[in-house]
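*Asks:* Note that this note's numbering has the sequence shown beginning at 25, numbered continuously upward.
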Amino acid sequence: LAGGFFSGRFRRDNLESFEAYLDKLCVTSYCYEENFQRLDRVEELAQQKGMSIPQIATAYVMSQPLDIYALVGCRTPDEFAANMATMELKLTPAELAWLDLKA
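1) If I follow the unbroken alpha helix (DSSP H) through Cys-50, where does it start and stop?
2) If you draw a straight line from the alpha carbon of Met-108 to that of Ala-127, how long is it in whole angstroms?
3) Can you tell me whether Asp-64 is helix, strand or coil according to DSSP?
4) Assuming Thr-77 contacts Ala-70 (C-beta within less than 8 Å), just tell me the rounded distance between them.
5) Given a threshold of 16 other Cβ atoms within 10 Å of its Cβ, counted over all protein chains shown, does Glu-119 qualify as buried or as exposed?
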């Protein structure tokens with residue numbers, strides 16, 4: 025999920041606090057304003073649909089008009105169930121455009 029960007033750990037106000045190499049890589053690769061705007065929209069849509077941010081991010085990938093596959097992992101049965109619930113969610117073209125900042 026974008027190197028942890030959609031995990032909720034990375035916020036506009038804490039980017040200087042990360043020390044680990046992979047965290048710094050996420051900051052330099054994903055943490056810019058346009059992506060934070062996307063994250064804000066993902067969070068809003070997640071609340072509307074009663075889902076989590078990672079579920080919406082995965083549904084975004086799975087709703088693309090390509091033969092595409094999301095590689096997801098889980099450590100617990102609850103995480104597995106959340107991943108499976110995502111497979112039932114299909115985002116509309118309007119929702120995809122909104123998440124892409126095109127609407």
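All C-beta atoms, glycine included, are put in the ideal place defined by N, C-alpha and C.
*Replies:* In short:
1) The residue you call residue 50 lines up with position 26 of the sequence shown. Residues 45–54.
2) Here the question's residue 108 lines up with position 84 in the sequence shown. Here the question's residue 127 lines up with position 103 in the sequence shown. Cα to Cα, Met-108 sits roughly 29 Å from Ala-127.
3) Counted from its first residue, the sequence shown places residue 64 at position 40. Helix.
4) For the purposes of this step, residue 77 is identified with residue 53 of the sequence shown, where counting begins at 1. For the purposes of this step, residue 70 is identified with residue 46 of the sequence shown, where counting begins at 1. What sits at residue 77 in the sequence shown is Ile, not Thr. That pair is a contact at about 5 Å.
5) As a position in the sequence shown, residue 119 is number 95, starting the count at 1. Label assigned to Glu-119: buried.
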